[in-house]
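So the sequence shown is numbered by this note's numbering: it starts at 63 and just counts up by one.
Ideal Cβ placement from N, Cα and C applies to all residues, glycine included.
This one's a predicted model, so the numbers in the text were calculated from it and none came from an experiment.
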Amino acid sequence: MRNVIVVCGIVLSISCLACAGAEFVGIDALDEVYENYRREGSGLWPEPENGAAAKLSGGATVSACTEGAACGEGPEMAFDGTAKTKYCTLAPTMWIQHQSAKGTTKHVVAYALTTANDHPLRDPCNWTLRGSTDGKQWDVLDQRKDEEFSQRFQRRQFEVSKPGDYAWYKLDVTKNWGTHTTQLSELELLTAEELKAVAKNPAAVGAAGWEPLFAPDLSNAEFPAGVWTVSNGEITASQDKLIMTKKEYENFVLDLEFKNGPAANSGVFVYLTDPAGWVRNSVEIQITDDESEKWAKANPTWKCGAIFGRLAPCESAVKPAGEWNRYTIICKGPRIDVILNGEHVNSMDMLKWDSATHNPDGTKKPGWLSKPLNNHPTKGRIGFQGKHGGAPIWFRNLKIKPLD
């Protein structure tokens with residue numbers, strides 16, 4: 063049976079009676095979480111957060127392919143230090159260029175793009191960043207393809223692999239996500255010093271209360287040396303080892319994106335109380351490539367969206383291997399709700415899991431999950447499983463918000 067709920071005018075499906083009967087927790091916070099799944103623009107978007115770039119000053123100039131689609135939407139708006147404005151052009155492609163003050167150069171080691179207030183189809187998809195010493199001959203500094211932004215006013219940061227001293231920087235967007243208009247709220251060109259400042263005071267912390275789960279350099283994470291690495295905001299592992307927060311969390315909303323490799327088997331671990339025995343001393347929200355031959359006929363409690371070994375998801379909502387998925391996991395006391403790609407696929411009351419051998423529905427648990435959950439602490443670390451069985455996994459845009 064398929065049911066729906068409506069939150070702030072957004073229709074979300076609940077695909078079984080078990081989920082339909084589950085009491086939602088932290089509903090005020092969920093209202094904002096669900097806004098992340100809107101795919102059309104309206105006047106209901108949340109207020110933006112300020113970006114990290116400084117306003118144009120000291121003689122620097124900016125130019126672009128057009129003056130802007132409307133008054134107040136010119137290219138200078140992409141460098142004004144706020145996501146409340148934008149550069150918008152009536153074309154499926156665009157370019158925008160920054161020139162330093164006469165006689166000066168800038169050594170850019172990273173750059174960031176922030177999406178504008180509406181219409182995700184207008185977001186950049188494919189682009190090239192170039193640098194020049196004379197405005198005529200250009201060096202390619204970075205190229206991107208099929209880069210998706212999952213929400214409005216989202217800031218994503220990218221590395222420049224071969225930085226140099228350039229007076230001109232040009233972002234050439236060769237494709238958006240499928241409409242006649244292209245827009246960008248902010249373009250930040252970051253030196254090493256500016257990058258350090260961003261890391262110390264990330265712009266992701268705003269009025270909504272969200273904060274990054276991990277620091278850009280993973281300095282607040284715990285993991286075996288050399289196993290987990292980060293590049294362009296994406297973290298991945300070379301071995302089946304856990305990466306976890308050093309801090310413990312209780313009553314929170316965790317929001318993240320993940321991408322499966324073929325036949326991937328990973329997981330998100332909440333309420334983790336013992337790093338040495340993390341499998342049995344935590345609650346795992348499963349990640350799998352459900353379409354792979356290896357997992358297509360697996361136990362339902364081993365599918366993506368399951369509370370591993372304990373509670374199957376209401377439906378399969380995971381995307382094929384190689385595509386980015388979105389998890390929103392709400393933990394409030396013994397209640398855990400799981401939203402996968404906009405579908406509310408699971409809801410658990412840990413107090414009902416009081417048996418060492420069986421789940422409340424009578425199914426048998428794996429032997430290594432013999433510890434009942436009814437007395438398990440509802441405060442602990444948050445962890446992510448690495449490259450299990452040789453299948454890679456990637457995570458990005460991990461953020462957390464406390465619940466009252």
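Express the C-alpha separation of Lys-146 and Pro-274 in angstroms, rounding to a whole number. Here residue 274 is taken as the residue at index 212 of the sequence shown, counted from 1. Here residue 146 is taken as the residue at index 84 of the sequence shown, counted from 1. Cα-Cα distance, rounded: 21 angstroms.
Assuming Ala-126 and Gln-159 are in contact, meaning their beta carbons sit under 8 angstroms apart, how far apart are those beta carbons, in whole angstroms? Here residue 126 is taken as the residue at index 64 of the sequence shown, counted from 1. Here residue 159 is taken as the residue at index 97 of the sequence shown, counted from 1. Between Gln-159 and Ala-126 the Cβ distance is about 7 angstroms, and since that is below 8 angstroms, they are a contact.
Sort Leu-175, Arg-184, Ala-229 and Gln-216 by Cα distance to Gly-197 and report the nearest one. On the sequence shown, residue 197 is found 135 positions in, with the first residue counted as 1. Ranking Leu-175, Arg-184, Ala-229 and Gln-216 by Cα distance to Gly-197 puts Ala-229 first.
To the nearest angstrom, how far is it from the Cα of Gln-161 to the Cα of Val-332? Numbered from its first residue, the sequence shown carries residue 161 at position 99. Numbered from its first residue, the sequence shown carries residue 332 at position 270. Gln-161 and Val-332: Cα-Cα distance of roughly 47 angstroms.
In this structure, what does DSSP give as the bridge partners for Val-345? As a first step, residue 345 must be located in the sequence shown, where it is residue number 283. According to DSSP, Val-345 bridges with Val-332.
Can you check the stretch 171–197 for any beta strand (DSSP E) of at least 3 residues that lies completely inside it and give the ranges in chain order? If one requires a minimum length of 3 residues, the beta strand (DSSP E) runs lying completely within the stretch 171–197 are 172–176 and 186–194, in chain order.
Exposure of Thr-166, with buried meaning 16 or more beta-carbon neighbours within 10 Å: Position 104 of the sequence shown holds residue 166. Thr-166 should be labelled exposed.
Check the C-beta distance from Asn-408 over to Ala-368 and give it rounded, since I have them as a contact under 8 angstroms. Reading the sequence shown from its first residue, position 346 is the one you call residue 408. Reading the sequence shown from its first residue, position 306 is the one you call residue 368. Right, the Cβ-Cβ distance comes to about 7 angstroms (below 8 angstroms), so this counts as a contact.
Glu-355: buried (16+ other C-beta within 10 angstroms of its C-beta) or exposed? The residue labelled residue 355 in the question sits at position 293 within the sequence shown. Counting Cβ neighbours within 10 Å, Glu-355 comes out exposed, since fewer than 16 surround it.
If we ignore side chains and look at the alpha-carbon of each, how far apart do Glu-319 and Asn-343 end up? Taking the sequence shown and counting its residues from 1, the one referred to as residue 319 is at position 257. Taking the sequence shown and counting its residues from 1, the one referred to as residue 343 is at position 281. In a straight line, the C-alpha of Glu-319 is about 24 angstroms away from that of Asn-343.
In this structure, does DSSP put His-242 in helix, strand or coil? Taking the sequence shown and counting its residues from 1, one reaches residue 242 at position 180. Of the three classes helix, strand and coil, the one that applies to His-242 here is coil, per DSSP.
As a quick exercise: from Glu-405, Asn-327, Val-345 and Leu-465, pick the residue whose alpha carbon is nearest that of Asn-436. The residue you call residue 436 lines up with position 374 of the sequence shown. That would be Val-345, whose Cα lies nearest to the Cα of Asn-436.
Within 8 angstroms, strictly: CB atoms of Ile-391 and Val-330: As a first step, residue 391 must be located in the sequence shown, where it is residue number 329. As a first step, residue 330 must be located in the sequence shown, where it is residue number 268. Yes; because the gap between Cβ atoms is below 8 angstroms, this pair is in contact.
Within 8 angstroms, do at least three Cβ pairs link the stretch 379–393 to the stretch 423–437? no
Return the CA-CA distance between Asn-238 and Pro-337, expressed in angstroms with no decimal places. Within the sequence shown, residue 238 is the residue found at index 176, counting from 1. Within the sequence shown, residue 337 is the residue found at index 275, counting from 1. Rounded to whole angstroms, Asn-238 to Pro-337 spans 43 angstroms at the Cα level.
Where Pro-337 falls: helix, strand or coil (DSSP): The residue you call residue 337 lines up with position 275 of the sequence shown. Looking at Pro-337 - three-state DSSP - the assignment turns out to be helix.
What's the C-alpha gap between Ile-67 and Asp-399? Residue mapping note: residue 67 aligns to position 5 of the sequence shown, counting from 1. Residue mapping note: residue 399 aligns to position 337 of the sequence shown, counting from 1. Note that Ile-67 has pLDDT 41, beneath the 50 cutoff, so the model's placement of it is unreliable and no number is given.
Apart from the five residues on each side of it in sequence, which residues of its chain come closer than 7 angstroms, Cβ to Cβ, to Gln-301? To locate residue 301, count along the sequence shown from 1; it is residue 239. So the list reads Val-289, Gly-448 and Lys-449, once near-sequence residues are dropped.
Does the count of Cβ pairs from the stretch 404–420 and the stretch 307–322 closer than 8 angstroms reach three? no
Limits of the beta strand (DSSP E) - the one that Cys-393 falls within: The residue labelled residue 393 in the question sits at position 331 within the sequence shown. Here the beta strand (DSSP E) through Cys-393 covers 386–394.
Under a three-way DSSP split, which group does Phe-211 fall into? Looking up residue 211 in the sequence shown gives position 149. Here Phe-211 sits in coil by DSSP.
Measure the C-alpha to C-alpha separation of Val-267 and Arg-388 and round it to an integer number of angstroms. Position 205 of the sequence shown holds residue 267. Position 326 of the sequence shown holds residue 388. Reliability fails at Val-267, whose pLDDT of 38 lies under 50, so the model's placement of it is uncertain and the value that follows must be treated cautiously. So the alpha carbons of these two residues sit roughly 20 angstroms apart.
Span separating the alpha-carbon of Glu-209 from that of Phe-215: Within the sequence shown, numbered from 1, the residue matching residue 209 stands at position 147. Within the sequence shown, numbered from 1, the residue matching residue 215 stands at position 153. Distance between the alpha carbons of Glu-209 and Phe-215 is about 15 angstroms.
Exposure of Trp-430, with buried meaning 16 or more beta-carbon neighbours within 10 Å: Locating residue 430 in the sequence shown gives position 368, where the first residue counts as 1. With fewer than 16 other Cβ atoms within 10 Å, it is exposed.
CA-CA distance, Ala-326 and Asp-201? Taking the sequence shown and counting its residues from 1, one reaches residue 326 at position 264. Taking the sequence shown and counting its residues from 1, one reaches residue 201 at position 139. Near 38 angstroms, if we compare the C-alpha coordinates of Asp-201 and Ala-326.
First and last residue of the beta strand (DSSP E) that includes Asn-459? Walking along the sequence shown from the start, residue 459 turns up at place 397. Unbroken beta strand (DSSP E) run through Asn-459: 455–464.
Just mark Ala-114 as buried or exposed, buried being the case when its beta carbon has 16 or more other beta carbons within 10 Å. By one-based count along the sequence shown, residue 114 stands at place 52. Low per-residue confidence applies at Ala-114: pLDDT is 25, beneath 50, and the placement is therefore not dependable, though the value from the model is reported in the following sentence. The residue in question, Ala-114, is buried, as its Cβ has 16 or more Cβ neighbours within 10 Å.
Given a cut-off of 8 angstroms, decide if Thr-440 and Gly-395 are closer than it, judged by their beta-carbon atoms. To locate residue 395, count along the sequence shown from 1; it is residue 333. To locate residue 440, count along the sequence shown from 1; it is residue 378. Yes, these two residues count as a Cβ contact at 8 angstroms.
Give me the Cβ distance between Lys-148 and Leu-252, rounded to the nearest whole Å; I'm assuming they're in contact under 8 angstroms. Along the sequence shown, read from residue 1 onward, the residue named residue 148 stands at position 86. Along the sequence shown, read from residue 1 onward, the residue named residue 252 stands at position 190. Not really, about 20 angstroms apart at Cβ, beyond 8 angstroms.
For Val-235 and Glu-138, what's the separation of their Cα atoms in angstroms? Here residue 235 refers to the residue found at position 173 when the sequence shown is read from its first residue. Here residue 138 refers to the residue found at position 76 when the sequence shown is read from its first residue. Going from the Cα of Val-235 to the Cα of Glu-138 covers about 17 angstroms.
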